[in-house]
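Here the structure is laid out as structure tokens; the discussion comes afterwards.
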Amino acid sequence: MPYPAVHLTFFIFCISLVGIFAIAGSGFRREMGLKDAKHLGLLFVVGSIGSVFPDVPAVWNYLLHGNLRHTTIGTMPTHSLFFGLVAFVLALFLGYIIYRNISRATSLGIFAEAAFLSHLLLDDIADGGLTYLYPVYNEPLSIFVFMNVNLSGVDFFYYNFACFLSVFFIFAVMFMALLALKDLGFGFRYEPIE
Numbered sequence: 006m007p008y009p010a011v012h013l014t015f016f017i018f019c020i021s022l023v024g025i026f027a028i029a030g031s032g033f034r035r036e037m038g039l040k041d042a043k044h045l046g047l048l049f050v051v052g053s054i055g056s057v058f059p060d061v062p063a064v065w066n067y068l069l070h071g072n073l074r075h076t077t078i079g080t081m082p083t084h085s086l087f088f089g090l091v092a093f094v095l096a097l098f099l100g101y102i103i104y105r106n107i108s109r110a111t112s113l114g115i116f117a118e119a120a121f122l123s124h125l126l127l128d129d130i131a132d133g134g135l136t137y138l139y140p141v142y143n144e145p146l147s148i149f150v151f152m153n154v155n156l157s158g159v160d161f162f163y164y165n166f167a168c169f170l171s172v173f174f175i176f177a178v179m180f181m182a183l184l185a186l187k188d189l190g191f192g193f194r195y196e197p198i199e
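6 is the number of the first residue of the sequence shown in this note's numbering; add one for each residue after it.
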């Protein structure tokens, strides 16, 4: 399991890369004002919280039980797509309160979900399996298990398809973040929202 600093760093440098590019360009052109900085701050707070959200039970368990168990709340695994729905809904609700616009609120929710999924992908790479499909399927699955298979031990087509699928999931999470950032004004060029 990567530490929270790794999850935050991955979120900032990989998931938010387009936003960082837009901010840097706008900063050099002096196009950003105080309102834009608040908007940017909201994105980084929501994304940062989303990127460590699956580990929330660690704080609770540390305070109550003195341990850092962090993968379940009761019997519900926090490293699952089902718990990711909680991150999406919370960000959607916050986005609607702030923007009063369902499209922007949805984009903020998608951005939080992309940050959440980046956490799952990093933990899957490190630990080799998570309960992604809870409550439908309660056994650990790994998206990246096939990347370490010896090519001579499996069919060439199977090996390449498995590797492509692993990389595709990382691409999908980054693309979700890109689309959400674009809708929120942080495409390749910053476009202030009204």
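Ideal placement from N, C-alpha and C gives every residue a C-beta, glycine not left out.
task = Check the DSSP bridge columns for residue 82 and list the partner residues they point to.
result = 77
ask   = Apart from the five residues just before and just after residue 145, which ones in its own chain have a Cβ nearer than 7 Å to its Cβ?
value = 134, 135 and 136
query = Mind checking residue 92: buried by the 16 CB within 10 Å criterion, or exposed?
reply = buried
task = Please classify residue 76: is it buried, with 16 or more other beta-carbons within 10 angstroms of its beta-carbon, or exposed?
result = buried
Other residues of its chain near residue 55: CB distance less than 6 Å, five sequence neighbours each side excluded = 92, 117, 120 and 121
key: Beta-ladder partner(s) of residue 135, from DSSP   = 146
query = Thinking C-beta only, is residue 124 closer than 7 Å to residue 62?
reply = no
task = In the DSSP assignment, find the alpha helix (DSSP H) that holds residue 106 and state where it starts and stops.
result = Run containing residue 106: none; DSSP gives neither H nor E here.
Top-ranked residue by Cα proximity to residue 183, from 108, 47 and 24 = 24
inquiry  = Can you tell me where the alpha helix (DSSP H) holding residue 67 begins and where it ends?
reply    = 61 to 70
ask   = Which class does residue 11 belong to by DSSP, given the choice of helix, strand or coil?
value = helix
query = When you compare only the Cα positions, how much space is there between residue 138 and residue 174?
reply = 15 Å
Three-state class that DSSP yields for residue 129 in the structure shown = helix
inquiry  = Using only CA atoms, which one of 115, 21 and 150 lies nearest to residue 129?
reply    = 150
task = Can you say whether residue 94 is buried or exposed, counting buried as having 16 or more other CB atoms within 10 angstroms of its CB?
result = exposed
ask   = Around the Cβ of residue 171, are there at least 16 other Cβ atoms within 10 angstroms (buried) or fewer (exposed)?
value = buried
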